[in-house]
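There are 2 protein chains.
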Amino acid sequence: MDRKDAVQRIFKAMFALEEARQILRETVAEELDDELRGKLEEIFDGVCEILKGVRREHLKYVVDRIELRTREEEFINIDPIQAGGRLTPEARKVLIAYGDGYSICDYCLAPHRLDYIKRPPVAEFLEELAEFLNMDVVRVVRGARDGFRIVTNALLEKGDVVLVSALAHYSLCLAIEAAGGVWREVPLTDGKITGEAVASKIEEVKKETGRLPKLVAIEHFDYVFGNEHDVKGVAKVCREYGIPFLYNGAYSVGVMPVDGKDIGADFVVGSGHKSMAAPAPTGVLATTEEWASVIFKTAEGRGDVTGRGFGAKESYLLGCTVMGAPLVAMMASFPHVRERVKKWNEEVQKSNFFVSELLKIEGTEVLSELPRRHTLSAFNTERSFDVVARTHKRRGFFLHDELRRRKITGLTPGMTKELKLNVYGLTWEQVKYVAEAFKEIAERYGLSVSD
Amino acid sequence: MDRKDAVQRIFKAMFALEEARQILRETVAEELDDELRGKLEEIFDGVCEILKGVRREHLKYVVDRIELRTREEEFINIDPIQAGGRLTPEARKVLIAYGDGYSICDYCLAPHRLDYIKRPPVAEFLEELAEFLNMDVVRVVRGARDGFRIVTNALLEKGDVVLVSALAHYSLCLAIEAAGGVWREVPLTDGKITGEAVASKIEEVKKETGRLPKLVAIEHFDYVFGNEHDVKGVAKVCREYGIPFLYNGAYSVGVMPVDGKDIGADFVVGSGHKSMAAPAPTGVLATTEEWASVIFKTAEGRGDVTGRGFGAKESYLLGCTVMGAPLVAMMASFPHVRERVKKWNEEVQKSNFFVSELLKIEGTEVLSELPRRHTLSAFNTERSFDVVARTHKRRGFFLHDELRRRKITGLTPGMTKELKLNVYGLTWEQVKYVAEAFKEIAERYGLSVSD
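Just so you know, the protein sequences line up as chains W and B, in that order. Its first residue numbered 1, the first sequence is counted upward by one per residue in this note's numbering. Its first residue numbered 1001, the second sequence is counted upward by one per residue in this note's numbering.
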């Protein structure tokens, strides 16, 4: 049994078991008769044969046109956005059990709101999550961008200015635009956002518009370089001006310890699929007692015909948010996530090790700050791998091919001028293996590699 | 092997296989060594033992505090909101393979937008989906409510009026409020929304505010009674007034044929977890060429420092929407969904059969229109099951207990004054079984049941 074969056996066995499950779903819920029992036993026997390697037909598609995805089983994945969102085995098990539409709503009692559900323990999870972030209140939302939207929806009037980083993710800018606001960028100082730069941008906006920005939203780590920005310094400046501060933790919440109160954040936004080992679209939005009533405002309208109102429902959230599998999966990953953030220092050590190894390759430069404080890093390889690409018959794809042959994936195929990758969650053994692979490829194509 | 045992075997085997999968994920991606192979074989042998019934320990929790969910395997589920969102086996298989965070983004190429992705075939799916709804353009969104939000966000200015049904779902009203709008209700005529009632409400709003409503949003079938509302008549009236019409198909898209153009809808909203055999939070938002540029407007802002813009990204959607497992699952269910809508008539027949059976129980009244045109129905049982509840030591819970004993679930526990249930997707055998169960329970407690 080789790796590919093992992967095939596992998936084929699981899919066969879904067929068995389906048989149960399509019958009246009385006891099994002999025919049903026979059908199930046949499938079970088949599963054993699959696992013993008797049935060897290769499975390419899960179902019609949708390929089997074996990226995490057959490869080491250094995709910059996928590392922190890989599911834990706990989350994967829960997905199997809770896939159906409204699976979380089986025991939804009055006031019929997701955050009150006790089975599965959503209410308890949210309490623990607020504690984990050291914020007063938290809700699970439909991705970090849904968190941005809720805050901008609640805070902005048409034309209001929001300060964002010059490296802000597009989804933040879109959320501001959708709320009728205007985003203005804080420039970088040596690749980083500082409190001073925010202060002078606030002054600039004040001078220009006669009003303060309504919100400042800065990421702790940006998606371009994975640089650490001075969120505490920014929060301090915001406090001085009386402007609320949104801490964008898409690349921090769930991979490293985040203490919202210590940072001085009014809003903490995190991403489930980016950093909390949860499926998309999931995110978290936490806030303080002070702001909770603003962003989690409940519905105010009353029916002019019926007189009804929806006083329990939170308007900007549109009521319940992630009422199914992705939330239960996020909950299942949480105990692991809560532990893994404590090992952030070691993740950063691995990142620094990896970067130092890559920098041994002639002509390679790191674009991210050094030493690395994050596991996502960007490199300028115009004078290393791109030199090879210029004369290689596969052009920039040679690097992708070579890595793929070594069972490494996640770089943008064809791209050799700049590399962006994330070593989060890899074991030391895996990190070393990937670093060796890059050095080997470099040497193979005549780039010198120092010791 | 009894049913419970079969369910246990299936889940335990699948969970064990997730452990095997995890072993592969934690190793360097070279060939398996003897140790690894040994570990996998041990798990595989264990799976066979589980399936043969050797390992009999009972599994109550998937993981810490999250119970195993066996509602669909051990029970017949008549929950009013869960029927159309039960996953197909195809969707469940795909969930296994695509659970990881950004699993859909492996082959995301320029312009880096979800609806352009070809592997898995998102772009193709969206084309087929538009055709299926007979609309020009469609996007997958984060639930029907996210579809409402996108439309109201794009169309409304502060204070604009939107007409909704007196039976409108709260999430529509919230989406209107979040956009700064005001919802006004169209009254029912014999339990239904008619074109005439919409016309007179439009006149009323016009008289009162001096302006026409900005949008009319009416559900094809409401969530209270499952009554069919005259959406074609409403669309006609809207066209006459030049007001865009949002067809709310949360209870129709995915279970019955919906032809947006024929209806005369400007926007068609559907729910993945309610009616398209997909996990939450998923929905669809379709529109015409005319309105596409309005609701799918791309970002306009430019960075004042960087000069960057996000011209490819759709602002109100906040860019990519469901970039992971729930969308791939929706896609996997789609071939089945496309076929099942053709059998809607038979589903309605089963519904009418079921209702007629329930009405045989003394004192039971149907609150929904007759004949039934939908599978969701509401009953007044104050003079039948509630009479029993008044003197039963378990009060209203007696009915829940009795149904549960017969492996039927989905009614609000404790409620005997009114019943709301949905027989969608049940086989004839299952429908008959459920009807018999209700009659049996009625007789057991002294309610007479006619032939």
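For every residue, glycine included, the Cβ atom is placed at its ideal position computed from N, Cα and C.
Review point. Going along the stretch 1420-1443 of chain B in order, which residues come within less than 8 angstroms of chain W, judged by CB to CB distance?
Key: Thr1427, Glu1429, Gln1430, Tyr1433
Check your understanding: Could you give the distance in angstroms between the alpha-carbon of W/Ile10 and the alpha-carbon of B/Phe1148?
Key -> About 41 angstroms.
Review point. Cα-Cα, which of B/Thr1287, B/Arg1405, B/Gly1180 is closest to B/Leu1133?
Key: That would be B/Thr1287, whose Cα lies nearest to the Cα of B/Leu1133.
Review point. Of all the options W/His374, W/Asp230, W/Leu359, which has the alpha carbon lying nearest to the alpha carbon of W/Thr381?
Key: W/Leu359
**Study point:** Uninterrupted beta strand (DSSP E) stretches inside the stretch 1400-1430 of chain B (no shorter than 3 residues)
**Key:** Whole beta strand (DSSP E) segments, 3+ residues: 1418-1422.
Point to revise | Close-in-space but distant-in-sequence residues of the same chain around W/Arg338 (CB under 7 angstroms, 5 per side omitted) | key: Phe132
Check your understanding: Quick one: which chain W residues come within Cβ less than 8 angstroms of B/Ile1295?
Key -> The contacting residues do not exist; B/Ile1295 stays about 11 angstroms from chain W at best.
Practice item. Quick one: which unbroken alpha helix (DSSP H) runs of 4-plus residues sit fully inside the stretch 1267-1303 of chain B? Chain order, please. Key: Those alpha helix (DSSP H) runs which fall completely within the stretch 1267-1303 of chain B and span 4+ residues are 1272-1275, 1289-1295.
Exercise for review: Would you give the residue range spanned by the beta strand (DSSP E) that W/Asn248 belongs to?
Suggested key: 245-248
Point to revise | For B/Met1331, the nearest candidate out of W/Ile50, W/Ala16, W/Ile66, W/Phe15 (CA to CA) | key: W/Ile66
Review point. What runs of the beta strand (DSSP E), each 3 residues or longer, lie entirely inside the stretch 58-130 of chain W?
Key: 61-63
**Study point:** Assumed close pair B/Lys1274, B/Ala1292 - CB separation to whole angstroms, cut-off 8 angstroms
**Key:** Contact flag wrong, Cβ pair sits at about 24 angstroms.
**Study point:** Per DSSP, cross-strand counterpart(s) of B/Ile1218
**Key:** B/Tyr1247
Review point. B/Ser1200 versus chain W: which residues are under 7 angstroms apart at the beta carbon?
Key: Those do not exist, as B/Ser1200 stays about 12 angstroms from chain W at its closest Cβ, beyond 7 angstroms.
Exercise for review: Give a yes or no on whether 7 angstroms exceeds the smallest Cβ distance from B/Val1253 to chain W.
Suggested key: Not an interface residue.
**Study point:** Delimiting residues of the alpha helix (DSSP H) encompassing B/Glu954
**Key:** Residue 954 of chain B lies beyond the range of chain B shown here (1001 to 1451); nothing can be said about it.
**Study point:** Own chain residues within Cβ distance below 8 angstroms of W/His336, not counting five before or after
**Key:** Thr88, Glu90, Ala277
**Study point:** Short-range partners of chain W found in the stretch 1005-1020 of chain B, where Cβ spacing is below 8 angstroms
**Key:** Ala1006, Val1007, Arg1009, Ile1010, Phe1011, Ala1013, Met1014, Phe1015, Leu1017, Glu1018, Glu1019, Ala1020
Review point. Excluding sequence positions up to five away, which residues of its chain have a Cβ less than 6 angstroms from the Cβ of B/Ala1378?
Key: Excluding sequence neighbours, B/Ala1378 sits near Phe1225, Leu1367, Ser1368, Lys1420.
**Study point:** Beta-carbon proximity list for B/Tyr1445, same chain, < 6 angstroms, skipping 5 on both sides
**Key:** The residues Val1388, in chain order, have a CB closer than 6 angstroms to that of B/Tyr1445 in the same chain once the five nearest residues on each side in sequence are set aside.
Practice item. Can you tell me which of W/Ala312, W/Val449, W/Ala154 puts its alpha carbon nearest to the alpha carbon of W/Phe385? Key: W/Val449
Practice item. Answer with yes or no whether the minimum CB distance from B/Val1063 to chain W is below 7 angstroms. Key: yes
Check your understanding: With burial defined as no fewer than 16 other Cβ atoms inside 10 Å of the residue's Cβ, what is the status of B/Ala1110: buried or exposed?
Key -> exposed
Practice item. Name, in chain order, the residues that DSSP records as bridge partners for W/Phe379. Key: W/Phe379 has W/Val366, W/Leu419 as its beta-bridge partners, per DSSP.
Exercise for review: Whole angstroms is fine: what's the gap from B/Gly1454's alpha carbon to B/Asn1352's?
Suggested key: The question about residue 1454 of chain B has no answer here: the residues shown for chain B are numbered 1001 through 1451.
**Study point:** Start-to-end residues for the beta strand (DSSP E) that takes in B/Glu1185
**Key:** 1182-1186
**Study point:** Short CB-CB distance (under 7 angstroms) between B/Tyr1223 and chain W
**Key:** no
Exercise for review: Using alpha carbons as the reference points, say which of B/Leu1174, B/Arg1113, B/Met1135, B/Leu1126 lies closest to W/Phe296.
Suggested key: Closest in alpha carbon position to W/Phe296, among B/Leu1174, B/Arg1113, B/Met1135, B/Leu1126, is B/Leu1174.
Review point. Which residue or residues does DSSP assign as beta-bridge partners of B/Thr1209?
Key: Looking at the DSSP assignment, B/Thr1209 forms no beta bridge with any residue, so it has no partner.
Practice item. Output yes if chain W places a C-beta closer than 7 angstroms to the C-beta of B/Gly1319; else output no. Key: yes
Check your understanding: Should W/Glu185 be labelled buried (16 or more other beta-carbon atoms within 10 Å of its own) or exposed?
Key -> buried
Review point. Using a C-beta to C-beta distance shorter than 7 angstroms, which residues of chain B count as neighbours of W/Gly85?
Key: Asp1100, Gly1101, Tyr1102
**Study point:** Inter-residue CB distance, B/Glu1074 and B/Lys1407 (contact presumed, cutoff 8 angstroms)
**Key:** That pair is a contact at about 6 angstroms.
Check your understanding: Where does the unbroken alpha helix (DSSP H) through B/Ser1356 begin, and where does it stop?
Key -> Unbroken alpha helix (DSSP H) run through B/Ser1356: 1344-1358.
Check your understanding: Among the residues of its own chain, which have a CB less than 8 angstroms from the CB of B/Val1257, if the five just before and after it don't count?
Key -> Checking the sequence, you will find Pro at residue 1257 of chain B rather than Val. Correct list, in chain order: Val1341, Lys1342, Trp1344.
Point to revise | Exposure label - B/Glu1031; buried when at least 16 CB within 10 Å | key: exposed
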